[in-house]
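Below: the structure, in structure tokens.
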Amino acid sequence: MRTNVWSVLQQSAAAGLAWALAGWLVEGDHHPFFAPIAAVVALNTGFGVRGVQAVNLLTGTLIGIVVGASAVWLVSAPSMALVVATLVAMLIAVAVGAARVTIAQAAAAAILTVTIPYGGDGGPQRLFDAALGVGVALVFSQLVFPTHPLRLLSQAEHALAFHLHRLLARTAHVADQRDDAQSEVQDALVSTHTAIADLESARSAALHIVDRTLRGVYLRRRTRTRVEAAGPLEGVAVMCTLVATTVLSAPEGSQTVLASVVRDIADVFARVAQAPPTDGTWGAAAFWDAAALRAEELHETLPGLRTHLADSGPETDAAISAIGILCETLRRTAT
Numbered sequence: 008m009r010t011n012v013w014s015v016l017q018q019s020a021a022a023g024l025a026w027a028l029a030g031w032l033v034e035g036d037h038h039p040f041f042a043p044i045a046a047v048v049a050l051n052t053g054f055g056v057r058g059v060q061a062v063n064l065l066t067g068t069l070i071g072i073v074v075g076a077s078a079v080w081l082v083s084a085p086s087m088a089l090v091v092a093t094l095v096a097m098l099i100a101v102a103v104g105a106a107r108v109t110i111a112q113a114a115a116a117a118i119l120t121v122t123i124p125y126g127g128d129g130g131p132q133r134l135f136d137a138a139l140g141v142g143v144a145l146v147f148s149q150l151v152f153p154t155h156p157l158r159l160l161s162q163a164e165h166a167l168a169f170h171l172h173r174l175l176a177r178t179a180h181v182a183d184q185r186d187d188a189q190s191e192v193q194d195a196l197v198s199t200h201t202a203i204a205d206l207e208s209a210r211s212a213a214l215h216i217v218d219r220t221l222r223g224v225y226l227r228r229r230t231r232t233r234v235e236a237a238g239p240l241e242g243v244a245v246m247c248t249l250v251a252t253t254v255l256s257a258p259e260g261s262q263t264v265l266a267s268v269v270r271d272i273a274d275v276f277a278r279v280a281q282a283p284p285t286d287g288t289w290g291a292a293a294f295w296d297a298a299a300l301r302a303e304e305l306h307e308t309l310p311g312l313r314t315h316l317a318d319s320g321p322e323t324d325a326a327i328s329a330i331g332i333l334c335e336t337l338r339r340t341a342t
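Here it is in structure tokens:
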């Protein structure tokens, strides 16, 4: 929520600045709506890839305005000009292998060019306004509010630890109380899979930042080390989802016994999720150290647990095996 609000505030400020600059730089009957639109759309993406978004946006806008202005000049019927401009702009964007945002922006720019009267010098003026808006977005994303790659990674790791704790805590509660709250576990599973995808996106974005931004040059080595260290966390998360599924598939008598082990693992993730940042970032080292120690202790109890539940059926055995693999994964990842 906080990240989204911060992004919206940046987009709003960029839109206002782009509009003011366009009005100040160009005199006369001029309504530079392309400038704030370009600024907002360029910044309306995840932190770490806003520079690429800005370039893609400018490319699409360029295609759309040129095609739209040509359609107005060549086709007399406005409705037909709209159809032709939209079709041709999107086809050109597809032909050059553009990203989806570029294709969409090419169509939007073509539609706006055909349908909205514009003061000034038509197409060239629109191009100037769009370029100005993208320029403002680039200044915001690269100079004024650059994304810190390590902080981006830390936020994704922290969020995943929180969701893993919630998933396993809810699993333990359902298994122990035997109530009908499995829908909450399903919701937690969905949230966990989303957090896994977010971590993967953060890893890619962090590498992109250090390779293509000014700020990233000074953090390249540290960031690449952190990206590599965060990779196994995705495997740990997948094993947590398997533990939740197999534990709740075991017989009720086994679930009560397994719940205590699952709750212990959930507590590990809770401590990690609540850990304060270090040097402005929340590092993976704290996660691995805490998880490894507790995972080793829990792993040593599993043979006795398996003996205690020896006659509980294959579902129970599968759940214990999943817990064992999770503990072993945590141990190996930390070494």
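Sequential numbering of the sequence shown, starting at 8, is according to the numbering used here.
The beta carbon of each residue, even a glycine, is placed where N, CA and C say it ideally should be.
Asked: What runs of the alpha helix (DSSP H), each 4 residues or longer, lie entirely inside the segment 142-208?; Found: 156-184
Asked: Along the chain, where does the alpha helix (DSSP H) that runs through I373 open and close?; Found: No statement about residue 373 is possible, as the shown extent of the chain runs from 8 to 342 and does not include it.
Asked: Give the secondary structure of I258 by DSSP, where H, G and I count as helix, E and B as strand, and everything else as coil.; Found: The displayed chain sequence assigns Pro, not Ile, to residue 258. Coil.
Asked: What three-state label does DSSP hand S319 in the structure shown?; Found: coil
Asked: So, at 6 Å on beta carbons, what are the nonlocal neighbours of W289 in its own chain, with the 5 sequence-adjacent residues on each side left out?; Found: Any reading at W289 needs caution, since the residue's pLDDT is 48, under 50, leaving its predicted position unreliable; the model's value is listed next. Excluding residues within five positions, the ones whose Cβ falls inside 6 Å are S161, H165.
Asked: Okay, do the segment 40-47 and the segment 20-32 touch, 3+ Cβ pairs below 8 Å being the bar?; Found: yes
Asked: At the level of alpha carbons, what is the spacing between T232 and I203?; Found: 19 Å
Asked: Output needed for M246: all residues of its chain with C-beta closer than 8 Å, excluding positions within five of it in sequence on either side, in chain order.; Found: A329, I332, L333, T336
Asked: Check this for me: beta carbons of G75 and A117, under 8 Å apart or not?; Found: yes
Asked: Given a threshold of 16 other Cβ atoms within 10 Å of its Cβ, counted over all protein chains shown, does T154 qualify as buried or as exposed?; Found: buried
Asked: Assuming the contact rule is C-beta atoms closer than 8 Å, M97 and A114 should be a hit. Round their C-beta distance to whole Å, please.; Found: 5 Å
Asked: In terms of residue numbering, what span does the alpha helix (DSSP H) encompassing V91 cover?; Found: 85-102
Asked: Counting beta carbon pairs with one atom in the segment 70-84 and one in the segment 166-183, are three or more of them shorter than 8 Å?; Found: no
Asked: What is the C-beta distance between A45 and T68, in whole angstroms, given that I count them as a contact (C-beta under 8 Å)?; Found: 6 Å
Asked: Tell me whether the beta-carbon of I72 lies closer than 8 Å to the beta-carbon of T120.; Found: yes
Asked: In angstroms with no decimal places, state the Cα-to-Cα distance between V90 and A144.; Found: 30 Å
Asked: State the DSSP-derived secondary structure class of V33, mapped to helix, strand or coil.; Found: coil
Asked: Please list, in chain order, all residues of the same chain as D286 whose beta carbon is under 7 Å from its beta carbon, the five residues on each side excluded.; Found: Residue confidence is low: D286 scores 45 on pLDDT, short of 50, so the model does not pin down where it sits. Its coordinate-derived value is still stated next. Excluding sequence neighbours, D286 sits near nothing in its chain.
Asked: Would you report the Cα separation of S19 and V264, rounded to the nearest angstrom?; Found: 53 Å
Asked: Roughly how far, in whole angstroms, is the beta-carbon of L316 from the beta-carbon of T323, given that I think they are within contact range, below 8 Å?; Found: 5 Å
Asked: Using the three-state DSSP reduction, which class does G126 fall into: helix, strand or coil?; Found: Because G126 carries a pLDDT of 44, less than 50, the predicted location of this residue cannot be relied on, and the following value inherits that uncertainty. Looking at G126 - three-state DSSP - the assignment turns out to be coil, as it is neither helix nor strand.
Asked: What is the residue span of the alpha helix (DSSP H) that P43 lies within?; Found: 41-50
Asked: Could you give the DSSP three-state label for H306: helix, strand or coil?; Found: helix
Asked: Among Q112, A266, H215, P321, whose alpha-carbon lies nearest the alpha-carbon of L305?; Found: A266
Asked: When the distance is taken between beta carbons, is L196 closer than 8 Å to S251?; Found: Per the sequence shown, residue 251 should be read as Ala rather than Ser. Yes, Cβ-Cβ distance for A251 and L196 is below 8 Å.
Asked: Let me make sure I understand the geometry here. Which of V151, D318, T201, R339 has the alpha-carbon closest to that of Q17?; Found: V151
Asked: Counting C-beta neighbours from all protein chains within 10 Å, is the total for V192 16 or more, i.e. buried, or is it exposed?; Found: buried
Asked: Please confirm whether V4 and L64 have their CB atoms less than 8 Å apart.; Found: In the structure as shown, the chain starts at 8 and stops at 342, and residue 4 therefore has no counterpart that could be examined.
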